[in-house]
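Asker: The following block contains the structure, expressed as structure tokens.
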Amino acid sequence: MKRTRFALVSLLSAVALALAVESVAAQPSTTAELINELNLKLLYVAVPITLLVEVILLYTVLKFRNNDSPKPTRENRRLEITWTIATAIILLFVGVASYGVLANPDVTYLEEPGAEAGPSEGDVVVRAEAFQWGWEMSYPRENVTSGTNIVLPQGQDVYIQVTSRDVIHAFHVPEMGLKMDAFPGKVQTIKTTPLETGEYQGYCAEYCGVAHSQMYFTVEVVPQDQYQQWLQEQRQSQQGGGDGGNESAGGNGNQSADGNESGGNASASVNAPPALLALAN
Ligand code: CUA
Numbered sequence: 121m122k123r124t125r126f127a128l129v130s131l132l133s134a135v136a137l138a139l140a141v142e143s144v145a146a147q148p149s150t151t152a153e154l155i156n157e158l159n160l161k162l163l164y165v166a167v168p169i170t171l172l173v174e175v176i177l178l179y180t181v182l183k184f185r186n187n188d189s190p191k192p193t194r195e196n197r198r199l200e201i202t203w204t205i206a207t208a209i210i211l212l213f214v215g216v217a218s219y220g221v222l223a224n225p226d227v228t229y230l231e232e233p234g235a236e237a238g239p240s241e242g243d244v245v246v247r248a249e250a251f252q253w254g255w256e257m258s259y260p261r262e263n264v265t266s267g268t269n270i271v272l273p274q275g276q277d278v279y280i281q282v283t284s285r286d287v288i289h290a291f292h293v294p295e296m297g298l299k300m301d302a303f304p305g306k307v308q309t310i311k312t313t314p315l316e317t318g319e320y321q322g323y324c325a326e327y328c329g330v331a332h333s334q335m336y337f338t339v340e341v342v343p344q345d346q347y348q349q350w351l352q353e354q355r356q357s358q359q360g361g362g363d364g365g366n367e368s369a370g371g372n373g374n375q376s377a378d379g380n381e382s383g384g385n386a387s388a389s390v391n392a393p394p395a396l397l398a399l400a401n
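Okay, here's the thing in structure tokens:
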């Protein structure tokens, strides 16, 4: 019975260890932090179980290798109770830990009508509109478009409204832990807070036609003051640069891409034809 007790103790200590896990160092966003922490917690539970099973297996194989008439264990109530409880504890832990992350708004953001959980005054709202084959990123609150590049302030709550103009695409920034399908006629929101400055690669993660692989975009996380400065520059160049500038935010996406040639939009709309030409050749 000593062994089963040892097994139970080691499993329980694995769970306790997992609960005491320190936060993972320097994560790009709150979303990535939540996901990676959960991953690590589950790993802390899985590794001792794997070791335990392998050790028992090896021990049994070696000990009984020359035994021609093994006697099976008929009934062992304590053993049965032990593994039932240990399994229940592990599953409960996995369930509770996973649900805690899944239900967090930074992982699954649910828009409730009338809820105060939505974007507040200083928060950043970005609209990410996918089309065959590119992205048009815009800041509806600021009346600014930014082509295939998103700039975000470090440490500020960010809401990314993902949608599509034509077929189903998917917004995916692996390093930041962000992923959302882009459906035509439907807006789905991602909420996150960027924690580390840097440039993160994003791409379309849903096969959407010949130039699917060209649907790259970047997310640039900068300090707050640098973000404000960037926003100011965009506002000035887009509102002073042409009469199409103001129209673009409210109207349909195609118009804005054409009307605003000085900004980053040009690159987004020109992206597709060369890719197609390359494929045709
Ligand atoms: Cu858009 Cu794949």
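So the numbering used here is basically just the index in the sequence shown, starting at one, shifted up by 120. Every residue, glycine too, gets a C-beta built ideally from N, C-alpha and C.
#1: What number of angstroms, rounded off, separates the C-alpha of K183 from the C-alpha of G322?
#2: Report the rounded CA-to-CA distance for C324 versus R285, giving the unit in angstroms.
#3: CB V227 to CB I155, shorter than 8 Å?
#4: Could you say if the segment 292–304 and the segment 258–266 meet the contact criterion of at least three C-beta pairs nearer than 8 Å?
#5: Cβ-heavy atom distance between E249 and ligand 1 below 7 Å?
#6: Have a look at Q346, L177, Y279 and K306 and flag the residue whose alpha-carbon is nearest the alpha-carbon of S240.
#7: How long is the line joining the alpha carbons of V330 and Q252, rounded to whole angstroms?
#8: In its own chain, which residues sit with a C-beta less than 7 Å from the C-beta of Y229, not counting the 5 before and 5 after it?
#9: Inspect the beta-carbon positions of T317 and Q274 and report whether they are closer than 8 Å.
#10: Confirm, please, whether the CB-CB distance from H292 to A250 is below 8 Å.
#11: With distance defined between alpha-carbon atoms, name the residue in L351, R355, Q349 and W255 nearest to F410.
#12: How far does the alpha helix (DSSP H) with R197 in it extend, from its first residue to its last?
#13: Does the Cβ of Y327 lie closer than 7 Å to at least one heavy atom of ligand 1?
#14: Pull up the CB-CB distance for Y327 and V339, whole angstroms please, since I reckon it's below 8 Å.
#15: Classify V227 as helix, strand or coil using the three-state DSSP reduction.
#16: Does any heavy atom of ligand 1 sit closer than 7 Å to the C-beta of W119?
#17: My assumption, with CB atoms under 8 Å, is that L272 sits in contact with P314. Please give the rounded CB distance.
#18: Measuring alpha carbon to alpha carbon, tell me which of Y259, V181, Q334 and N196 ends up nearest P190.
#19: Kindly indicate which three-state DSSP category W350 falls into: helix, strand or coil?
#20: So is the beta-carbon of M257 under 7 Å away from any non-hydrogen atom of ligand 1?
#21: Please list the terminal residues of the continuous beta strand (DSSP E) segment that includes V181.
#22: Between which two residues does the beta strand (DSSP E) harbouring Q252 extend?
#23: Across which residues does DSSP place A290 in a beta bridge pair?
#24: Just the Cα atoms here: how many angstroms apart are Q359 and S149?
Answerer: For this structure:
#1: Taking the sequence shown and counting its residues from 1, the one referred to as residue 183 is at position 63. Taking the sequence shown and counting its residues from 1, the one referred to as residue 322 is at position 202. Their Cα atoms are separated by approximately 54 Å.
#2: What you label residue 324 is simply residue 204 of the sequence shown in a count that begins at 1. What you label residue 285 is simply residue 165 of the sequence shown in a count that begins at 1. Whole-angstrom Cα-Cα distance: 14 Å.
#3: Taking the sequence shown and counting its residues from 1, one reaches residue 227 at position 107. Taking the sequence shown and counting its residues from 1, one reaches residue 155 at position 35. Yes; because the gap between Cβ atoms is below 8 Å, this pair is in contact.
#4: Because the criterion of three Cβ pairs below 8 Å is not met, the segment 292–304 and the segment 258–266 do not touch.
#5: The residue you call residue 249 lines up with position 129 of the sequence shown. For ligand 1, not one heavy atom lies less than 7 Å from the Cβ of E249.
#6: By one-based count along the sequence shown, residue 240 stands at place 120. If we check each option's Cα against that of S240, Y279 comes out closest.
#7: For the purposes of this step, residue 330 is taken as residue 210 along the sequence shown, with counting starting at 1. For the purposes of this step, residue 252 is taken as residue 132 along the sequence shown, with counting starting at 1. Each residue's CA atom was taken as its position, placing V330 and Q252 some 9 Å apart.
#8: As a position in the sequence shown, residue 229 is number 109, starting the count at 1. So the list reads T309, I310 and K311, once near-sequence residues are dropped.
#9: Within the sequence shown, residue 317 is the residue found at index 197, counting from 1. Within the sequence shown, residue 274 is the residue found at index 154, counting from 1. Yes.
#10: What you label residue 250 is simply residue 130 of the sequence shown in a count that begins at 1. What you label residue 292 is simply residue 172 of the sequence shown in a count that begins at 1. No, Cβ-Cβ distance for A250 and H292 is not below 8 Å.
#11: The shown model of the chain, from 121 to 401, leaves out residue 410, and the question about it has no answer.
#12: Within the sequence shown, residue 197 is the residue found at index 77, counting from 1. Per DSSP, R197 belongs to the alpha helix (DSSP H) from R197 to L222.
#13: One-based indexing of the sequence shown puts residue 327 at position 207. Flag set: Cβ of Y327 near ligand 1.
#14: Position 207 of the sequence shown holds residue 327. Position 219 of the sequence shown holds residue 339. Taking C-beta atoms under 8 Å as the contact rule, Y327 and V339 fail to qualify, at a distance of about 22 Å.
#15: Here the question's residue 227 lines up with position 107 in the sequence shown. The answer is coil: DSSP assigns V227 none of H, G, I, E or B.
#16: Beyond the ends of the chain as shown, which are 121 and 401, falls residue 119; an answer cannot be given.
#17: Within the sequence shown, the letter at position 152 stands for residue 272. Within the sequence shown, the letter at position 194 stands for residue 314. Going by Cβ atoms, the distance from L272 to P314 rounds to 5 Å, so yes, they are a contact pair.
#18: Here the question's residue 190 lines up with position 70 in the sequence shown. The option with the nearest alpha carbon to P190 is V181.
#19: On the sequence shown, residue 350 is found 230 positions in, with the first residue counted as 1. W350 sits in a helix when the DSSP states are folded into three classes.
#20: The sequence position of residue 257 within the sequence shown is 137, counting from 1. Flag unset: Cβ of M257 not near ligand 1.
#21: Taking the first residue of the sequence shown as position 1, residue 181 is located at position 61. Bounds of any beta strand (DSSP E) do not take in V181; it lies within the alpha helix (DSSP H) bounded by T150 to K183.
#22: Stepping through the sequence shown from its first residue, residue 252 is reached at position 132. It is not in any beta strand (DSSP E) - Q252 carries neither H nor E in the DSSP assignment.
#23: On the sequence shown, position 170 is the one that residue 290 refers to. Residue pairing for A290: DSSP places it in a beta bridge opposite D301.
#24: Taking the first residue of the sequence shown as position 1, residue 359 is located at position 239. Taking the first residue of the sequence shown as position 1, residue 149 is located at position 29. The straight-line gap from Cα to Cα measures roughly 32 Å.
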